[in-house]
Each structure stands twice: as structure tokens, then as C-alpha cells.
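Asker: First the structure, which I've put down as C-alpha cells, then a few questions once you've had a look.
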Amino acid sequence: MTIEWAPLWVPLERRLQTLVTSFFTYTFFTLPFSSCLAVAILLYYGEMFVRSLLLIYFVKIYLDYKRNYGIMEGNGWLFYRSNQRYRNYFPIELVKTAELPPNRNYIVASFPHGILGTGTCINMSLDIGNWLSLFPQVRPKIATLDHHFKTPFLRDIVRWWGMVSVSKESLAYLLSKSNDPKHKDNLDGFTSNAVAVLVGGAKEAMDSHPGQYILTLKNRKGFVKMAVRTGSSIVPSLSFGEVDIFDQVANPPDSSLRRFQNVVKKFTGISPLLPKGRGIFNYNYGILPLRRRIVQVVGSPIDVEKCETPDPEYVDKIHGQVIDALERMFDEYKEKYTPNSKQTKLIIQ
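Counting in my numbering, the sequence shown runs from 116 upward without gaps.
If you want it as C-alpha cells, here you go:
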């Protein structure tokens, strides 16, 4: 295939958008490894002073995780959560279909995962301005892998971006917080926490290919149980176009690549994907995402009755309501937000 080079004369703003997107993309793909490598280098080559600082840092990580699972309270440093060039590269939109009253907490059940969950992560982590204007007084958070919050350097970066551990203990801690405006945790004017959970996880990421909305959900009920235990409403969310910004090397379920990915996922929680996108200076080779529109549609909250020990039948009932809501949202909005909508189907497995 012939390389399709980008024109020499491209508007500066588009160049800057590509530069910012390349920074975030390479960061997301390499940060877990580079963080561990940086620690190893500092421990091996650092003098006693450097090693002593690292030791203090490790203790701080341990104590902070023990205290609140590494969560940065409030909305964190908004400077790190206002990256509009990354948003505008695609561009990414956020659509509100119902109110989210700030008198309760929410689990935003977000689909599909795609390769990086880009739409949800930008709207609720990396550039939260649109979210705050549509859902005032509701703090947006993204749940990600727990071991990120035990890894030096990596944990600080994801915390700055408003991410939290997806562990049961972390979610329970955050979703059980008070909604009282006078509570000390709400003095910033925000009285509600909305935690986005990419329910399909690594399994769903392996099924991500352009035009294919394959959701891993039928046997994923942990988020429903957490909602019931904490009394949090569940908000279904669909990001149209999420699967179109990357392709990946073919990995059908019976392939050797898929079997290898499943083994790695079993031991690490991460599936080693082989994404196919574009490059910085060309349009058809590289691992940068393609410029494709992503529209995250936030549905109506599904209220639950709080119970410390969720009844399985009740969990199945709420789980079924989530599936029904996603199917209705897909049918309602696919013609507006997806190309070739007549050939595009939603598969829930």
C-alpha cells in the first residue's frame, strides 16, 4: 500500500492538534512500562539521596492508597483536565439526554471500550469543561486498573487526570460519599460523584474494529452490584464513533493472536493490542487515532434501591434495564451519529 503523506501546508492549529494527540497516544501506550523503567533506572544509578527520596515516595504511595485508595479528592488540578486540542482533533462531543441531579452519586456504564476509551476519557477526564456545563455540581471521574495507583509516577499522572481505581473498595469509598452541600468534601460546590466504568474492559477492546459495536456485558454484573450496595444510580452511555478511530490486526476468537492476548490479559488485566491508525505525517501507517467524530450520548439514570447484600434477582432486573436502555439509545441515535447506519448493528455478548 502506498503511503499517503499529509500535505506540506496544513493549518498550524491542526498540526498542534496532531502533536497533542500524539503525545497522549504514546503516553497511554507506554506509560506503565516507562514508569517502571524510570524507577528501575533511578534505583540502580541514583545516589543515596535519590534512593532516600524514592523510599519516602514509596511510603507516601502506600499510605495514600491505604487512606483513600489513591483517589485525588474533588476535581483535582483543572489545568490537567482542560486539553481542548485533544478533543478538537477528532472532534469529540457530549450529548445530554436527561438531568443528573447532584443529590446522589452515579456509575456511568460506558460503552464501547474501543482501543483506549477515548470519547469517555476526554469528556470525563482530560477535558471536562463540557461535562461541567451540562451536569453542574457533578464531579466526573474515570475508573481504571487498580495497579496503576500502586505504580510510582504513573499513579500521579492518572490522578491528575481525575482517574480512580476500579477496585471494589475504591468505588465503594467514592460512591458512598455524602451529597450534603455542607459536608467538608463538598465545599468546592460539587455534591455528586459520577464514576465512568468501561464495563467491557480488555475483552471488549479486543473486539474493537471499525463499524462493529460489540459490547461485553451479558456476564458483567459487578457494576450493578456496586450500584445497589452504594445506592448509586446507573447511567448508560454510548460513544458513537469510538470503534472507528482505530483498527487493529485481525484477531478472531480462534486465532493464535487472540489466544495470546487472552493469556496476557488473564495475568495482567491488560490485553496487548496491535492498533492500526495513522502517523504524524501520513494518513495510513502508524498508531495515532484517525480523525473521526466521536459522540458520547449520556442516557437517563436508572435508580436502584440500596441494599448491602444485593439480591441476585434484583441485580438481574437492573442489569436487564441497562441492556434495554443501551439498545434503545443505539436505535435512537445511530442514524444521526454513525455512517452506514443501516449496516451498523449492536451486538451484546
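From the three backbone atoms N, C-alpha and C, an ideal C-beta is built for every residue, glycine too.
From Glu188, Thr233, Leu131, Ala121, pick the residue whose C-alpha is nearest to that of Gln411; which is it?
Answerer: When each option's Cα is compared against that of Gln411, the closest is Thr233.
Asker: Provide the residue span of the alpha helix (DSSP H) that contains Gln132, from first to last.
Answerer: 127-160
Asker: Return yes when the Cβ of Trp246 is within less than 8 Å of the Cβ of Trp192, no when it is not.
Answerer: no
Asker: Nearest CA to the CA of Val358: which residue from Arg335, Ala317, Arg407?
Answerer: Comparing C-alpha distances from Val358 to each of Arg335, Ala317, Arg407 shows the shortest one belongs to Arg407.
Asker: Could you tell me how far apart the beta carbons of Gln391 and Phe361 are, in whole angstroms, since I believe they sit closer than 8 Å?
Answerer: Note that residue 391 corresponds to Lys in the displayed sequence, not to Gln. So it is a contact: roughly 7 Å between Cβ atoms.
Asker: Residues in its own chain within less than 8 Å of Lys460 by CB, not counting five upstream and five downstream?
Answerer: Within the same chain, Lys460 has close Cβ partners Tyr328.
Asker: In the DSSP output, what is Ser197 paired with across the bridge?
Answerer: Beta-bridge partners assigned by DSSP to Ser197: Asp242.
Asker: What whole-angstrom Cβ distance do Ser354 and Ser225 have, given they're in contact under 8 Å?
Answerer: Between Ser225 and Ser354 the Cβ distance is about 7 Å, and since that is below 8 Å, they are a contact.
Asker: Taking only three categories from DSSP, how would you classify Leu389?
Answerer: Coil at Leu389, not helix or strand.
Asker: Using the DSSP secondary-structure output, state which residues sit across from Asp362 in a beta bridge.
Answerer: Lys391
Asker: Would you call Phe305 buried or exposed, if buried means 16 or more other Cβ atoms sit within 10 Å of its Cβ?
Answerer: buried
Asker: In the DSSP output, what is His324 paired with across the bridge?
Answerer: Note: His324 is bridge-paired with Gln327 in the DSSP secondary-structure output.
Asker: Taking contact to mean at least 3 C-beta pairs separated by less than 8 Å, is the segment 274-289 in contact with the segment 192-202?
Answerer: yes
Asker: According to the Cβ coordinates, are Phe268 and Ser150 closer than 8 Å?
Answerer: yes
Asker: Chain C beta carbons: is any one of them nearer than 8 Å to that of Ala224?
Answerer: No chain C appears in the structure shown, which is made up of a single protein chain.
Asker: Taking only the alpha-carbon atoms, compute the straight-line gap between Pro216 and Phe250 and give it to the nearest angstrom.
Answerer: For Pro216 and Phe250, the gap between their C-alpha atoms comes out near 8 Å.
Asker: Can you tell me which of Val165, Lys333, Arg254, Asn218 puts its alpha carbon nearest to the alpha carbon of Gly189?
Answerer: It is Arg254.
Asker: Determine the direct distance from the alpha carbon of Arg200 to that of Pro126, and round the result to whole angstroms.
Answerer: So the two alpha carbons sit approximately 13 Å from each other.
Asker: Do Val350 and Val413 come within 8 Å of each other at the CB atom, strictly closer than that value?
Answerer: Yes, Cβ-Cβ distance for Val413 and Val350 is below 8 Å.
Asker: Does the segment 168-185 come close enough to the segment 435-448 to have 3 or more Cβ pairs within less than 8 Å?
Answerer: no
Asker: Since Leu313 and Ile463 are thought to touch, with beta carbons under 8 Å apart, how far apart are those beta carbons, to the nearest angstrom?
Answerer: About 15 Å separates the two Cβ atoms, so there is no contact after all.
Asker: What does DSSP give as the partner residue(s) for Ser354 in the beta ladder?
Answerer: Gln411
Asker: Output needed for Ser352: all residues of its chain with C-beta closer than 8 Å, excluding positions within five of it in sequence on either side, in chain order.
Answerer: Val223, Ala224, Ser225, Phe226, Thr235, Ala311, Gln411, Val412, Val413, Gly414
Asker: Should Glu319 be labelled buried (16 or more other beta-carbon atoms within 10 Å of its own) or exposed?
Answerer: buried
Asker: Tell me which residue opens and which closes the beta strand (DSSP E) that Thr259 is part of.
Answerer: Taken as a continuous stretch (DSSP letters only), the beta strand (DSSP E) holding Thr259 covers 253-259.
Asker: Measure the C-alpha to C-alpha separation of Arg202 and Ala287 and round it to an integer number of angstroms.
Answerer: The alpha-carbon atoms of Arg202 and Ala287 are separated by roughly 30 Å.
Asker: Can you tell which of Leu403, Glu423, Met444 has its C-alpha closest to the C-alpha of Val135?
Answerer: Leu403
Asker: Taking buried to mean at least 16 other C-beta atoms within 10 Å of its own C-beta, is Asn455 buried or exposed?
Answerer: exposed
Asker: Below 8 Å CB to CB, which residues in the same chain sit around Glu423 once its five sequence neighbours on both sides are set aside?
Answerer: Apart from the 5 residues on each side of it in sequence, Glu423 sits with its Cβ closer than 8 Å to the Cβ of Arg344 in its chain, given in chain order.
Asker: Mind checking which residues open and close the beta strand (DSSP E) that includes Phe226?
Answerer: 221-226
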